[in-house]
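Chains as they are written, first to last, in the working numbering: chain A, 270 to 542; chain B, 270 to 542. Heads up, the beta-carbon is just placed ideally off N, CA and C, and yes, glycines get one too. Shown next, in structure tokens, is the structure this report addresses.
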DNA sequence: CCCAATTTGTTCGTATGTATA
DNA sequence: TTATACATACGAACAAATTGG
């Protein structure tokens with residue numbers, strides 16, 4: 270059984286109608302005006318807030334579009350536009366016939382979105398990660414600046430060596446605030462079943478959604494050179510990454526050092542759609 | 270005066286209706302089926318073809334959405350979706366209240382899409398370009414491979430030095446096929462009023478739409494070191510770019526060498542929407 | 001293997017708001 | 001002010017993919 274809904278002539282919105290058991294609990298109608306923000310933006314923010322607050326944990330299925338639109342009191346098209354944006358940001362994933370889900374940090378996603386090294390001939394493969402060290406440290410100036418805190422802030426530092434086709438190519442030094450990752454141990458890092466971003470997400474509720482990278486060429490220092498099996502002083506590519514989590518907070522500072530004798534950092538400037 | 274259009278129950282498409290003077294000449298209805306491709310994809314391709322064929326030159330205004338949708342015999346929403354995609358690819362530009370236009374290569378676009386160097390403290394500014402040399406050459410293996418042709422193919426080679434905040438930071442060696450740029454002279458390069466991509470577009474009908482870049486760290490050779498005023502052998506960032514034009518053809522191979530003592534190559538991994 | 005239910009994907013159409021000239 | 005064009009929002013119908021019986 271269906272009704273046709275009377276519409277509010279001012280805002281062109283459906284007027285609220287009582288329904289039997291709420292098909293999308295926890296989603297309140299969007300206020301008609303939110304500082305001149307388009308409705309689909311307000312819906313996007315509401316969804317984002319639900320995800321950030323944990324009401325929609327990673328992997329969770331959203332209510333179907335019809336129910337969710339009804340809960341927000343917007344048209345399906347408006348809801349879809351909001352979801353479109355979140356899908357483009359890799360925060361939601363849609364699967365036709367199945368539903369819409371909060372994105373999880375799979376290996377595929379890591380490779381696609383956050384790993385840019387491939388062999389000079391274009392061969393791409395997942396790196397084999399080897400943990401070199403796990404320490405409690407206090408942040409240096411660089412890490413602190415990137416993480417919007419003060420030098421000396423307690424942190425974990427993880428050093429990894431990444432091999433491609435059997436040869437060491439990348440050295441990662443990862444700095445993460447201890448406050449955000451309470452209870453992290455070397456064991457948990459070493460025995461994580463998937464990527465480290467998956468670990469952040471599944472064990473600490475920290476979902477990395479984007480990152481800024483600054484690249485420069487430097488001479489390999491002794492420690493890096495030894496770790497990567499190259500002579501000290503050879504030019505290596507240094508990538509300083511600040512990873513941003515769901516709330517917009519920087520949560521990881523990472524310095525990747527890449528030997529580019531047989532590999533490159535690749536970047537696509539605009540993809541065909 | 271308006272009609273309501275009878276619809277084809279099979280494809281849910283409007284049936285053709287004769288109209289007075291064609292409001293969007295040169296745009297034929299899209300065939301209902303194009304290998305299972307969604308209609309909006311077919312519309313996108315039709316628009317792209319019109320642009321590639323020069324029927325919509327850079328800067329040209331498209332017919333308004335209503336007329337264009339009618340010409341293609343699709344709904345406005347379908348047309349808008351096709352245009353959305355081309356806008357995301359920077360091939361079209363929409364301006365509310367004015368119209369939709371074929372994108373031109375402005376300085377702003379170059380900076381946003383194709384120039385990634387900024388000072389270490391985050392300061393971004395447009396580079397001052399200085400032409401160092403202009404030569405007719407034959408392509409080496411690297412350039413030929415990037416441009417999908419054979420070594421020895423006639424080409425132009427342009428060397429530029431880019432200054433930021435008054436200091437030389439980037440050296441560009443640009444290789445472009447002579448066949449695509451007949452009549453190019455040093456004078457035209459030197460006296461171009463805007464970016465070199467604008468020159469390609471306005472003078473040779475070559476519209477760069479995207480690029481692939483491969484980055485590595487190398488030691489500065491003597492020539493580069495002299496051009497950039499650094500000691501030979503210092504680590505520098507080498508960016509090898511293949512630029513792709515509208516038809517999908519590679520049209521430029523560029524090797525940028527960047528001194529990264531006070532500057533970085535910056536990259537955004539996913540932007541918030 | 002096929003069918004039915006569910007969910008997203010595509011396409012249609014329309015009305016109104018907002019920016020521009 | 002008016003006309004035009006894109007932007008937002010509504011609603012509806014059918015297609016396509018997936019899952020479970």
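Contact with chain A by residue i, beta-carbon distance below 8 Å
i, result
"residue 274 of chain B", "Note that residue 274 of chain B scores 47 on pLDDT, short of 50, meaning its location in the model is unreliable and no value can be drawn from it."
"residue 278 of chain B", "Bear in mind that the predicted position of residue 278 of chain B carries a pLDDT of just 49, short of 50, making it too unreliable to give a figure here."
"residue 418 of chain B", "no"
"residue 347 of chain B", "no"
"residue 529 of chain B", "yes"
"residue 288 of chain B", "Unreliable positioning characterises residue 288 of chain B in this predicted model, as indicated by a pLDDT of 49, which lies under 50. The coordinate reading is nonetheless provided below. With 8 Å as the cut-off, residue 288 of chain B does not count as an interface residue toward chain A."
Per-residue burial, residue i [other beta carbons within 10 Å of its own, 16 or more giving buried]
i, result
"residue 507 of chain A", "buried"
"residue 365 of chain A", "exposed"
"residue 271 of chain B", "Residue confidence for residue 271 of chain B is low, a pLDDT of 35 falling below 50, so the modelled location carries little weight and cannot support an answer."
"residue 377 of chain A", "exposed"
"residue 454 of chain B", "exposed"
"residue 381 of chain A", "exposed"
"residue 529 of chain A", "buried"
"residue 410 of chain B", "exposed"
"residue 347 of chain A", "buried"
"residue 402 of chain B", "exposed"
"residue 460 of chain A", "exposed"
"residue 482 of chain B", "buried"
"residue 531 of chain A", "exposed"
"residue 317 of chain B", "buried"
"residue 307 of chain B", "exposed"
"residue 533 of chain A", "buried"
"residue 287 of chain A", "With a pLDDT of 48 at residue 287 of chain A, under the threshold of 50, the modelled position of this residue cannot be trusted; read the value that follows with caution. Label assigned to residue 287 of chain A: exposed."
"residue 392 of chain B", "exposed"
Closer than 8 Å at the beta carbon, the chain A residues around residue i
i, result
"residue 337 of chain B", "Ordered by position in chain A, no residue passes the 8 Å Cβ test against residue 337 of chain B, which lies about 19 Å from the chain."
"residue 534 of chain B", "483, 484 and 485"
Per-residue contacts from residue i into chain B (C-beta, under 7 Å)
i, result
"residue 383 of chain A", "538"
"residue 504 of chain A", "486, 487, 488 and 504"
Under 9 Å from the C-beta of residue i: neighbouring residues of chain A
i, result
"residue 541 of chain B", "358, 478, 479, 513 and 517"
8 Å Cβ cutoff met for residue i and residue j
i, j, result
"residue 341 of chain A", "residue 406 of chain A", "no"
"residue 505 of chain A", "residue 433 of chain A", "no"
"residue 337 of chain A", "residue 304 of chain A", "no"
"residue 355 of chain A", "residue 388 of chain A", "no"
"residue 466 of chain A", "residue 374 of chain A", "yes"
"residue 322 of chain A", "residue 541 of chain B", "no"
"residue 514 of chain A", "residue 458 of chain A", "no"
"residue 334 of chain B", "residue 349 of chain B", "yes"
"residue 486 of chain B", "residue 511 of chain B", "no"
"residue 444 of chain B", "residue 496 of chain B", "no"
"residue 360 of chain B", "residue 344 of chain B", "no"
"residue 368 of chain B", "residue 324 of chain B", "no"
"residue 484 of chain A", "residue 536 of chain B", "yes"
"residue 464 of chain B", "residue 379 of chain B", "yes"
"residue 424 of chain B", "residue 446 of chain B", "yes"
"residue 431 of chain A", "residue 462 of chain A", "no"
"residue 426 of chain A", "residue 442 of chain A", "yes"
"residue 524 of chain B", "residue 449 of chain B", "no"
"residue 539 of chain B", "residue 362 of chain A", "no"
"residue 501 of chain A", "residue 491 of chain A", "yes"
Any chain B beta carbon closer than 8 Å to residue i
i, result
"residue 422 of chain A", "no"
"residue 354 of chain A", "yes"
"residue 271 of chain A", "In this predicted model, residue 271 of chain A has a pLDDT of only 35, less than 50, meaning its place in the structure is not dependable enough to derive any value."
Segments assigned beta strand (DSSP E), at least 3 residues, entirely inside the stretch 464-498 of chain B: 477-488
Inside the stretch 340-422 of chain A only - alpha helix (DSSP H) runs reaching at least 4 residues: 345-357 and 410-415
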